[in-house]
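Participant: Quick one: the structure is below, questions incoming.
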Amino acid sequence: MVQIRKAVEKDLPRLVEIFRVSRQQLLPFLPILYTREQDFAHLKDLMGRGEVYAGVLAEKLVGFLVRIDHWVAHLYVHPDMIAQGVGQALLDHAKTKSSKLELWCFEENQRARAFYEAQGFKLVRTTEGDNEEGLPDRLYRWVRD
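In structure tokens, the structure reads:
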């Protein structure tokens with residue numbers, strides 16, 4: 001069973017590893033814009049600005065979600081742990097903390113789009129690449145009933 005806990009600074013190396021390997025293996029269409037050190041600094045900054053939840057399975061950190069107010073800034077699960085309930089557990093936890101959640105998802109990330117839609121997220125709008133990657137994306141919103 002997936003356990004959710006607050007991520008702490010000592011988790012940062014593992015968070016960066018999950019972030020980078022997930023993007024490389026599951027999102028190969030994304031350009032690599034930053035170094036490992038820059039990703040580390042980015043995630044450390046997010047810890048100070050929001051809440052970072054760690055998904056733990058068999059005592060190993062295997063995924064994480066970053067929530068800033070009602071925004072899901074990041075949701076990443078290690079590729080070896082996809083479809084094990086980690087993403088859903090993290091998202092379910094975030095839903096208990098806010099009556100509304102919004103997030104951006106790349107148009108090309110069909111697996112994530114299907115996942116978010118199955119979790120009750122509704123498409124709000126699309127862009128043709130108004131992000132730093134310059135790729136089409138979608139804004140999704142979930143509102144508690």
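Using full-length UniProt numbering, the first residue of the sequence shown is number 1, and each one after it goes up by one.
Cβ coordinates follow ideal geometry from the N, Cα and C atoms, glycine included.
Return the residue from the list A54, R141, L65, L12 that minimises the CA-CA distance to K44.
Facilitator: The option with the nearest alpha carbon to K44 is L12.
Participant: With a cut-off of 8 angstroms on the beta carbons, I'd call P136 and E102 a contact; round off their distance for me.
Facilitator: Their Cβ separation, rounded to whole angstroms, is 17 angstroms, which puts P136 and E102 out of contact at 8 angstroms.
Participant: Compare the C-alpha of Q88 against each of L57, D69, I68 and name the closest.
Facilitator: It is L57 whose Cα lies nearest to the Cα of Q88.
Participant: Among K10, M1, V21, V143, whose alpha-carbon lies nearest the alpha-carbon of V77?
Facilitator: Taking only the C-alpha atoms, the option nearest V77 is V21.
Participant: Nearest CA to the CA of residue 169: which residue from K100, F121, H42?
Facilitator: Not covered by the structure: residue 169. The range shown for the chain is 1 to 145.
Participant: To the nearest angstrom, report how far apart K60 and I82 are at their CA atoms.
Facilitator: Near 14 angstroms, if we compare the C-alpha coordinates of I82 and K60.
Participant: Can you find the residues in the same chain that come closer than 6 angstroms, C-beta to C-beta, to E51, ignoring five residues on each side of it along the sequence?
Facilitator: Counting only Cβ-Cβ distances below 6 angstroms, and skipping sequence neighbours, we find R67.
Participant: Does the Cβ of L61 lie closer than 6 angstroms to at least one heavy atom of the ligand ATP?
Facilitator: The ligand ATP is absent from the structure shown, which contains no ligands of any kind.
Participant: What are the partner residues of T126, as DSSP defines its beta bridges?
Facilitator: Looking at the DSSP assignment, T126 forms a beta bridge with R138.
Participant: Quick one: grab the DSSP three-state call for Q110.
Facilitator: Three-state DSSP puts Q110 in a helix.
Participant: Can you give me the C-alpha to C-alpha distance between E9 and L91, rounded to a whole angstrom?
Facilitator: Rounded to whole angstroms, E9 to L91 spans 21 angstroms at the Cα level.
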